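Colleague: Can you read through this structure? Questions will come right after.
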Amino acid sequence: MLKVAIIIGSTRPNRRGEAVGRWVFEQAKRRGDAEYALIDLKEVNLPLFDEPSSPARGEYTQAHTKAWSATIAPFDAFVFVTPEYNHGPCAAIKNALDFLYKEWNDKAAGFVGYGNNEGVRAVEHLRVYASSLQMAVARAQVALSNYTDWEGTAFKPAERHIRTLNVLLDQVNSWGGALRALRNRTT
């Protein structure tokens, strides 16, 4: 069965990302079409990138990098949950991507963004990063607004976001399955 990780990108206190990530995870599990896992970068707790050589070489020296590699390698696809900070993604998610290279190659990526402008600019940046890591990027994205998808501190996504999330998951799973077949042929 296809393995898909949902990665919560924000690590800050009082973040909205945890609620969003858990919502994505719960919606995804209802589908039954893949094994879904939730990864929280706050729990992973990576330092700023500190490897002495390029991740493309795969010569990891740090225990945290080796652990991160072992966490990411088994997955076929990813859904990144990202806030938008200053018209871009938060540093934690970019840093997590930068630590690895081959573990991301020929895998699928989808994005759920949130913020004052629905996270769309953060997602656009992440699309470029993912493409540079040789990932296939789903076209659909979930865009959540700080103004309309929360009531105070309670996450209350509009019903239309469930439909969009399912389209996103369909695309991520299609790419993930196709690329898994490609990876299996080349290994």
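With this note's numbering applied, the sequence shown corresponds to residues 42 to 228, in that order.
Just so you know, even glycine gets a beta-carbon here, dropped at the ideal spot from N, CA and C.
Since we're looking at a predicted model, the values are computed, not measured.
Taking only runs that begin and end inside the region 53-111, name each unbroken alpha helix (DSSP H) of 4 or more residues, in chain order.
Modeller: Counting whole runs of 4 or more residues, the region 53-111 contains the alpha helix (DSSP H) stretches 58-70, 82-85.
Colleague: Please state whether DSSP places Glu-165 in a helix, a strand or coil.
Modeller: Here residue 165 refers to the residue found at position 124 when the sequence shown is read from its first residue. If DSSP states are grouped into helix, strand and coil, Glu-165 belongs with the helices.
Colleague: Looking at the unbroken alpha helix (DSSP H) that takes in Lys-135, where does it start and where does it end?
Modeller: Along the sequence shown, read from residue 1 onward, the residue named residue 135 stands at position 94. 132-139 is the extent of the alpha helix (DSSP H) around Lys-135.
Colleague: Taking the continuous beta strand (DSSP E) assigned at Ala-184, which residues delimit it?
Modeller: Your numbering for residue 184 matches position 143 in the sequence shown. Unbroken beta strand (DSSP E) run through Ala-184: 177-186.
Colleague: What residue from Glu-59, Ile-49, Ala-132 has the CA that sits closest to Ala-195's CA?
Modeller: Residue mapping note: residue 195 aligns to position 154 of the sequence shown, counting from 1. That would be Glu-59, whose Cα lies nearest to the Cα of Ala-195.
Colleague: Return the chain-ordered list of same chain residues with a C-beta closer than 7 Å to the C-beta of Tyr-77, the five sequence neighbours on each side being excluded.
Modeller: Taking the sequence shown and counting its residues from 1, one reaches residue 77 at position 36. Excluding positions up to five away in sequence, the list reads Val-45, Ile-47, Phe-66, Ala-69, Lys-70.
Colleague: Using the C-alpha atoms, what's the distance from Asn-136 back to Thr-106?
Modeller: Sequence index remark: in the sequence shown, residue 106 carries index 65 (1-based). Sequence index remark: in the sequence shown, residue 136 carries index 95 (1-based). Roughly 11 Å separates the two Cα atoms.
Colleague: Go to Phe-152, then tell me how far its beta strand (DSSP E) extends in each direction, as first and last residue.
Modeller: To locate residue 152, count along the sequence shown from 1; it is residue 111. Per DSSP, Phe-152 belongs to the beta strand (DSSP E) from 149-156.
Colleague: Considering only C-alpha positions, which residue in the set Ala-149, Gln-212, Val-208 is nearest to Leu-223?
Modeller: As a working note, residue 223 is residue 182 in the sequence shown. Cα-wise, what sits closest to Leu-223 is Ala-149.
Colleague: So, under 8 Å CB-CB, Gln-28 and Ala-179 are touching, yes? Tell me the CB distance rounded to an integer number of Å.
Modeller: Nothing in the structure corresponds to residue 28, since the chain is present only between 42 and 228.
Colleague: Do Leu-43 and Asn-214 have their C-beta atoms within less than 8 Å of each other?
Modeller: Taking the first residue of the sequence shown as 1, we reach residue 43 at position 2. Taking the first residue of the sequence shown as 1, we reach residue 214 at position 173. Cβ distance < 8 Å, so Leu-43 and Asn-214 count as in contact.
Colleague: Return the CA-CA distance between Gly-154 and Gln-182, expressed in angstroms with no decimal places.
Modeller: To locate residue 154, count along the sequence shown from 1; it is residue 113. To locate residue 182, count along the sequence shown from 1; it is residue 141. About 8 Å.
Colleague: With a threshold of 7 Å on Cβ separation, who are the neighbours of Thr-205 within its own chain once the five nearest residues in sequence on each side are excluded?
Modeller: Sequence index remark: in the sequence shown, residue 205 carries index 164 (1-based). Cβ neighbours of Thr-205 beyond the five flanking positions: Ala-181, Val-183.
Colleague: So, at 7 Å on beta carbons, what are the nonlocal neighbours of Cys-131 in its own chain, with the 5 sequence-adjacent residues on each side left out?
Modeller: Counted from its first residue, the sequence shown places residue 131 at position 90. Cβ within range, chain order: Gly-50, Ser-51, Thr-123, Pro-124.
Colleague: Determine the contact status of Trp-64 and Val-85, defining contact as a CB-CB distance below 8 Å.
Modeller: Locating residue 64 in the sequence shown gives position 23, where the first residue counts as 1. Locating residue 85 in the sequence shown gives position 44, where the first residue counts as 1. No, they are not a contact pair.
Colleague: Which residues does DSSP list as the beta-bridge partners of Trp-191?
Modeller: Residue mapping note: residue 191 aligns to position 150 of the sequence shown, counting from 1. Trp-191 is bridged to Phe-196.
Colleague: Which residue wins for smallest C-alpha separation from Asn-158, given the options Thr-189, Tyr-170, Ser-173, Ala-177?
Modeller: Residue numbering aside, residue 158 sits at position 117 when the sequence shown is read from its first letter. Closest option to Asn-158, Cα to Cα, is Thr-189.
Colleague: When you compare only the Cα positions, how much space is there between Glu-92 and Tyr-101?
Modeller: Sequence index remark: in the sequence shown, residue 92 carries index 51 (1-based). Sequence index remark: in the sequence shown, residue 101 carries index 60 (1-based). Rounded to the nearest angstrom, the two C-alpha atoms are 7 Å apart.
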